[in-house]
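Working notes for the structure below.
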Amino acid sequence: MKLPKLGLTTKKSLKGYLYVSPFLIGFFAFFLIPLIQTVVFSLSELKIVTTGYTITPVGLDNYNTALFVDPDFVPTLTNTVINTLIDIPAILIFSFFIAVVLNQKFRGRTLARLIFFLPVILTSGVVAQMEINDVMNQALVQDAEFMLGGQHFVSFLLGLNLPPAFVQYIVTVVDRIGPVIEASAIPILIFLAGLQSIPPDLYEVADVEGITGWEKFWMITFPLVSPMILTNAIFIIINSFTSPRNEMVRFIGENTWSRGGYGVSAAMALLYFLSIGAILALVVLVTSRRVVYLE
Amino acid sequence: MSVAYKYRVRRIENIKLAAFITKCSGWIWTVVRAVLLIGLCFMILYPLIVKFTSSIMHVDDMYDASVRFVPRRTTLQQYRIAWEWMNYPRVLLNTTTLTLVVSLLQLASCTIVGYGLGRFDFKGRNIVFGLVLLTLVVPPEMVMIPLFLNFRFFDLFGLIPEPGINLLGSYWPFVLTSCTSMGLKNGLFIYIMTHFFRGMPHSLEEAAEIDGASSFQTFYKIMLPGAKPAMIIVFLFSFVWQWNDRFYTDLFLRNSESYLSYALQTFAARFSSNSPIRRQFPYHYGSLLNNAGMMMFMAPLLVLYLFMQRHFVESIERTGLVG
């Protein structure tokens, strides 16, 4: 039997499917089906037996337990969400600023870049978890933070007649400067790549027109990097919500194997995911209107 | 002197002044930038320095209030204990093997998928890309329990009769998820690769096709070498994240104590609960041990980073990473 001749475009699109097929297989086998199972588990009670597992539907009981019976779930969830919302603007502004600085030409730039990306390596996963519990680290790190977060600093800011809410925000951010710097490593990378993709002739034109550096920044750099702001905001949210350091992630992890059981922890995971989704949608809605695309 | 002359003199002075101000502000910025960067770099390096100094600190210095950062007496004892109790050589070998297998497979699969998404126009491409982003947004905890059960009673979509095979404790769960780019943060890798391939000039492929290269040859011989910068970033990230991971290691491997991340978290407790030895050491000695352990945990990563740093920084410059 002879195969029917395929057109060039059909052939090309078939090849496209072929290349993405590993992902599609994985998506269905190790993502979509488990996801549906999680939804099912969250609506039922699950027991492990030797030949597999059995499930008995219990309706919305697990959600009820998570939201209204468990004393820790709701406070942990709100805490996590509030902390992330505080961090997002701080990380965005900080990483953008650092990316602009690291994009300039100066001596020791390579070394500075090397150090700024170091947190990617040093502070993900296990080491970060251990630092929280380590006596020696805590004692010494607190020493360093005292220099910045002290009472003098607060009274200085209030003395400048700044609104107290703003001062409160600044102090909270300064308190978390360590985590902010660490979380900025990949956003800096993304911003840096964005800065480098701006066509240099735009700046040349600006120079010919006699535009100042300040104007250049707001009229060229900022609008052209704005898509990265959205990308980064999304990345920061995802990263902080899924990092093993995250309170909620640890909470759900502990829950699975100890109290509540599978069903309740599946319900918690789903509720958690829904709140992430809501925040993501909010951020995309707020930022995407201001984003400018070059083309 | 005529008015016109005076005016001209003043103008020249003004221009000189403006030039002077520009020069000054340039200098000020250089100084401010240097101070700022040095300060921030110090803050980043600070935890590392603390870890290092407390890892070589002698026990006596720990309770000496006059010792802050620089230990008065140094010792390698903590490293010796960590080496022995973590079972370092064996655990290091296990971890390196697992991490290399996982990160190379992820690199391969994410590159292939990224190529498909970045270079081919097919129906539903945007949907597939959306699905990639979806896998990034959903925290792995969401699918943890079903994944665990699926691999515990693995039936290959019903092909293997009940109760299925228990794949836990072997590399298979890692291999399967990595080959299908479902590992840790693989959505991000696909995203990076897709954008990189999208940015490469189309003339490359056309030239290869005219010369009679097959589709796979074009990919392998033309596109892959060009994608090296993005691939380096993906490999580094995937290696580091797998190395640091405890989530999947605990989930898939029963004997996770023979992997570094687990050994690191438990060895100090095991050491100090061992009663005959414990009496010789103060209560907080575990902290010094942990710091030595963390240094040993991070050492291979630091070596890899320093080894690849030239490529890494260059890659950042040439990757239109996202956009």
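If you read the sequences in order, they're chains A and B.
Using my numbering, the final residue of the first sequence is 298, and nothing's skipped along the way.
Using my numbering, the final residue of the second sequence is 310, and nothing's skipped along the way.
Glycine is no exception: its CB is placed at the ideal position from the N, C-alpha and C atoms.
If I'm right that residue i touches residue j with Cβ under 8 Å, what's the distance once you round it to whole angstroms?
i: residue 129 of chain A; j: residue 248 of chain B; result: 4 Å
i: residue 119 of chain A; j: residue 134 of chain B; result: The pair is not a contact, with the Cβ atoms about 35 Å apart (cut-off 8 Å).
i: residue 282 of chain A; j: residue 84 of chain A; result: 7 Å
i: residue 3 of chain A; j: residue 110 of chain B; result: The shown model of chain A, from 4 to 298, leaves out residue 3 of chain A, and the question about it has no answer.
i: residue 232 of chain A; j: residue 206 of chain A; result: Contact doesn't hold; Cβ gap of about 20 Å is too wide.
Measure the alpha-carbon distance for residue i versus residue j and round it to whole angstroms.
i: residue 20 of chain B; j: residue 285 of chain B; result: 30 Å
i: residue 100 of chain A; j: residue 221 of chain A; result: 13 Å
i: residue 150 of chain A; j: residue 140 of chain B; result: In this prediction, residue 150 of chain A has a pLDDT of 49, which is less than 50 and means its spatial position is unreliable; nothing more can be read from the coordinates.
i: residue 275 of chain B; j: residue 74 of chain B; result: 18 Å
i: residue 221 of chain B; j: residue 176 of chain B; result: 6 Å
i: residue 76 of chain A; j: residue 173 of chain A; result: 28 Å
i: residue 69 of chain B; j: residue 29 of chain B; result: 27 Å
i: residue 46 of chain B; j: residue 272 of chain B; result: 7 Å
i: residue 280 of chain A; j: residue 232 of chain B; result: 24 Å
i: residue 3 of chain A; j: residue 167 of chain B; result: A question about residue 3 of chain A goes unanswered here, because the residues of chain A that appear run from 4 up to 298.
i: residue 30 of chain A; j: residue 204 of chain A; result: 43 Å
i: residue 164 of chain A; j: residue 171 of chain A; result: 13 Å
i: residue 22 of chain A; j: residue 100 of chain B; result: 5 Å
i: residue 40 of chain B; j: residue 77 of chain B; result: 26 Å
i: residue -10 of chain B; j: residue 5 of chain B; result: 23 Å
i: residue 14 of chain A; j: residue 194 of chain B; result: 18 Å
Given that a residue counts as buried once 16 or more other Cβ atoms are within 10 Å of its Cβ, and exposed if not, what is residue i?
i: residue 2 of chain B; result: exposed
i: residue 69 of chain A; result: buried
i: residue 16 of chain B; result: exposed
i: residue -5 of chain B; result: exposed
i: residue 137 of chain B; result: buried
i: residue 249 of chain A; result: buried
i: residue 93 of chain B; result: buried
i: residue 252 of chain B; result: buried
i: residue 128 of chain B; result: buried
i: residue -1 of chain B; result: exposed
i: residue 160 of chain B; result: buried
i: residue 198 of chain B; result: exposed
i: residue 11 of chain B; result: exposed
i: residue 294 of chain B; result: exposed
i: residue 106 of chain B; result: buried
i: residue 115 of chain B; result: buried
i: residue 74 of chain A; result: exposed
i: residue 72 of chain B; result: buried
Helix, strand or coil: which one does DSSP assign to residue i?
i: residue 187 of chain A; result: coil
i: residue 155 of chain B; result: coil
i: residue 12 of chain A; result: helix
i: residue 240 of chain B; result: coil
i: residue 50 of chain A; result: strand
i: residue 202 of chain A; result: coil
i: residue 206 of chain B; result: helix
i: residue 107 of chain B; result: coil
i: residue 60 of chain A; result: strand
i: residue 384 of chain A; result: In the structure as shown, chain A starts at 4 and stops at 298, and residue 384 of chain A therefore has no counterpart that could be examined.
i: residue 141 of chain B; result: strand
i: residue 167 of chain B; result: coil
i: residue 133 of chain A; result: helix
i: residue 187 of chain B; result: coil
i: residue 181 of chain B; result: helix
i: residue 73 of chain B; result: coil
i: residue 215 of chain A; result: coil
Quick one: what's got a C-beta closer than 6 Å to residue i's C-beta in the same chain, skipping five residues either side?
i: residue 202 of chain B; result: none
i: residue 152 of chain A; result: Note that residue 152 of chain A scores 49 on pLDDT, short of 50, meaning its location in the model is unreliable and no value can be drawn from it.
i: residue 66 of chain A; result: 270
i: residue 87 of chain A; result: 243
i: residue 66 of chain B; result: 279
i: residue 48 of chain A; result: 59, 61 and 266
i: residue 161 of chain A; result: 170
Within 8 Å (strictly less), CB to CB, does residue i reach chain D?
i: residue 15 of chain A; result: Of the protein chains in the structure, A and B, none is chain D.
Which same chain residues, not among the five before or five after residue i, have their C-beta less than 7 Å away from its C-beta?
i: residue 24 of chain B; result: none
i: residue 90 of chain B; result: 222, 225, 226 and 229
Apart from the five residues just before and just after residue i, which ones in its own chain have a Cβ nearer than 8 Å to its Cβ?
i: residue 63 of chain B; result: 43
i: residue 106 of chain A; result: 195, 198 and 199
i: residue 255 of chain A; result: 268, 271, 272 and 275
i: residue 96 of chain B; result: 165, 166, 167, 168 and 173
i: residue 171 of chain B; result: 127, 225, 228, 229, 232, 234 and 235
i: residue 191 of chain A; result: 98, 101, 102, 105, 119 and 120
i: residue 83 of chain B; result: 287
Please indicate yes or no: does the CB of residue i lie closer than 7 Å to some heavy atom of the ligand GTP?
i: residue 69 of chain B; result: This structure simply doesn't include the ligand GTP, nor any ligand for that matter.
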